[in-house]
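A.B. asks:
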Amino acid sequence: MVTLKDVARSVGLSVTQVSRALNDHSDVNEETRRRVKEAAGRLGYEPNISARKLVSGRSGIVALVDSKYPGLTSDFLFFEIVAGLSAEFSRRGMQFVLHVAEEDDDIIAVYQKLVGNGSLDGFVVTKPVLDDRRISYLASRKVPFVVHGRLPDRTDYPHFDIDNRFVAVDAVTRFLDLGHRRIGFINGIAHFTYSLARYAGYRETLSARGLPVDPALVRHGQMTEEFGYRSALEMLTAAADPPTAIFCSNVLIAAGVYRAASDCGLRIPADLSVIAHDDALPNTDPATFEPPLSVTYSPLSASWPPLAEYLTLAIAGQPLEEMQQVARHQFVERASTAPQA
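Heads up, the sequence shown stops at 341 in the UniProt record's numbering, and the numbers go up one at a time, no gaps.
(1) Run through the DSSP bridge pairs and tell me what residue 422 is partnered with.
(2) By how many angstroms is the C-alpha of V143 removed from the C-alpha of L178?
(3) Between which two residues does the alpha helix (DSSP H) harbouring R259 extend?
(4) Does the region 145–164 come close enough to the region 294–311 to have 3 or more Cβ pairs within less than 8 Å?
(5) By the DSSP assignment, the alpha helix (DSSP H) with Q112 in it spans what residues?
(6) Please name the residue, chosen from L236, M94, L313 and Q95, that lies closest to R267 on a Cα-to-Cα basis.
(7) For a minimum of 4 consecutive residues, which ranges assigned as the alpha helix (DSSP H) are wholly contained in the region 169–228?
(8) Taking Cβ positions, are S273 and T244 nearer each other than 8 Å?
(9) If we ignore side chains and look at the alpha-carbon of each, how far apart do I162 and I253 end up?
(10) Starting from S294, trace the alpha helix (DSSP H) both ways and give me its first and last residue.
(11) The alpha helix (DSSP H) that contains D6, what's its start and end?
(12) Alpha carbon to alpha carbon, how far is S249 from L313? Give it in angstroms, no decimals.
(13) Between the region 115–133 and the region 163–170, do three or more beta carbon pairs fall short of 8 Å?
(14) Helix, strand or coil for G41? Go by DSSP, reduced to three states.
(15) Looking at the structure shown, is S59 part of a helix, part of a strand, or coil, going by DSSP?
(16) Of all the options R92, R35 and L77, which has the alpha carbon lying nearest to the alpha carbon of V62?
(17) How big is the Cα-Cα spacing for A260 and E290?
(18) I'd like to check one pair, T193 with R150: are the Cβ atoms closer than 8 Å?
(19) According to the Cβ coordinates, are I189 and L217 closer than 8 Å?
(20) May I ask you to list the residues that DSSP assigns as paired with H277?
(21) Checking 8 Å against the spacing of the C-beta atoms, do V114 and V82 come in under that value?
(22) Taking the C-alpha atoms as reference points, what is the distance between R230 and R203?
(23) With a threshold of 6 Å on Cβ separation, who are the neighbours of A327 within its own chain once the five nearest residues in sequence on each side are excluded?
(24) Once you ignore the five residues that flank L300 on each side, which residues in its own chain have a CB closer than 6 Å to its CB?
(25) Any idea if T337 is buried or exposed, counting beta-carbon neighbours within 10 angstroms, 16 or more meaning buried?
(26) So what does L151 bridge to, in DSSP terms?
(27) For my contact list, T284 and V251 are in at a C-beta cut-off of 8 Å; report their separation, rounded to the angstrom.
(28) At what residue ranges does the region 118–148 contain a whole run of the beta strand (DSSP E), taking only runs of 3 or more?
(29) Drop a sphere of 10 angstroms on the beta-carbon of residue 342, count the other beta-carbons inside from all chains shown, and report buried for 16 or more, exposed for fewer.
(30) If you compare alpha carbons, which of L281, D104, V28 and L138 is closest to G116?
(31) Is it right to say L22 is buried, meaning 16 or more other beta carbons lie within 10 angstroms of its own, or is it exposed?
(32) Measuring only the C-alpha atoms, how far is V7 from Y45?
Here you go:
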């Protein structure tokens, strides 16, 4: 096993100097830090967590905590988040761990236990909801954390988000400008803040054009192809006045909408226009749809570097204003929209 002494010997420095370089002490210049870390990586040095904690007061370990839920084991979006964050923290010489609690466990009690044992430097919080107890608890305990998303009424914490309200505004405005007035919306689970923001954008954009929201044209649920299919089928067959356009909160939902349209004998975009939000997930390329799907584009992977960076800064006690970002999407026009017939 490679030791700290081996790394020190390879760069001609003392063990103390090497330790301080690996732990990013401010009295070590950038060139020395780079040289030491390169040598450690080349030799395959893995720091002892207990020793690191003793020297720096930090373990180098951060966590994501979630509860079991139906479909967890097949939720590839969740595992894409875990894999992406794990790889990003690993690049920074940190360890990212996943803690999955039982479905009926009190999530705050889980956090209390993890915070109490002192083995973690901080947390990544995902899928925030209104009045999120996790955020309130971590903030009250002054535990470093970063949120993937944000609350509409509280932003005094590190976060990275996209402007989800504007995602919906953009999509619905494009439909309206094409003459559509019956616009469906198939959204994610209603209590997540990104879903609330998108629904607000949908509702406000219709209202600005003097159009009411028809509950028959709105669905909230798990963002799967099957949910998209069932929701679109209901809208297209059960509604007295079916939609001529549908906005989907992800590409999987849109795949279901395409299938439902086909089963109803409808052509996209001649009979039904479709736009989806694209997180750029593996195996869900909207350009391969027939016809190719127009999207509001914001790759999920673009959130890994800022989330890791902001949590690292929070752990180091940096100012809050350096750890907040709300990004905008890009619109990618393809062939799934047309003027209302």
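For each residue, glycine too, the CB sits at the ideal point set by N, CA and C. Keep in mind the model is a prediction, meaning the values are calculated, not measured.
C.D. replies: From the atom records:
(1) Residue 422 lies beyond the stretch modelled for the chain, which goes from 1 to 341, so this question has no answer here.
(2) The alpha-carbon atoms of L178 and V143 are separated by roughly 49 Å.
(3) It spans V251 to D263 - the alpha helix (DSSP H) in which R259 sits, taken as one unbroken run.
(4) Yes, they touch.
(5) Here the alpha helix (DSSP H) through Q112 covers I107 to G116.
(6) Nearest option by C-alpha distance: L236.
(7) 193–208, all fully within the region 169–228.
(8) The answer is yes: Cβ separation under 8 Å.
(9) So the alpha carbons of these two residues sit roughly 19 Å apart.
(10) For S294, there is no enclosing alpha helix (DSSP H); the residue is part of the beta strand (DSSP E) that begins and ends at S294 to Y297.
(11) Taken as a continuous stretch (DSSP letters only), the alpha helix (DSSP H) holding D6 covers L4 to V11.
(12) So the alpha carbons of these two residues sit roughly 32 Å apart.
(13) By the C-beta criterion, the region 115–133 is judged not to be in contact with the region 163–170, since fewer than 3 inter-stretch pairs fall below 8 Å.
(14) Helix.
(15) In the structure shown, the three-state DSSP call for S59 is coil.
(16) With distances taken between Cα atoms, V62 lies closest to R92.
(17) Rounded to whole angstroms, A260 and E290 show a C-alpha spacing of 14 Å.
(18) Yes, they are a contact pair.
(19) Cβ atoms of I189 and L217: not closer than 8 Å.
(20) H277 pairs with T296.
(21) Per the sequence presented here, residue 114 reads as Leu, with Val not at that position. No, these two residues do not count as a Cβ contact at 8 Å.
(22) Approximately 22 Å between the Cα atoms of the pair.
(23) The answer, listed in chain order, is I162.
(24) Excluding residues up to 5 positions away in sequence, D279 lie with their Cβ nearer than 6 Å to the Cβ of L300 in the same chain.
(25) Looking at its Cβ environment, which holds 16 or more other Cβ atoms inside 10 Å, T337 is buried.
(26) Answer is R154, bridged to L151.
(27) Yes, they are in contact, since the Cβ atoms of T284 and V251 sit about 4 Å apart, within 8 Å.
(28) Qualifying beta strand (DSSP E) stretches, in chain order: 122–126 and 145–148.
(29) Residue 342 is absent from the model: the chain starts at 1 and stops at 341.
(30) Looking only at L281, D104, V28 and L138, the smallest Cα-Cα distance to G116 is reached by L138.
(31) It counts as buried.
(32) Rounded to whole angstroms, V7 to Y45 spans 8 Å at the Cα level.
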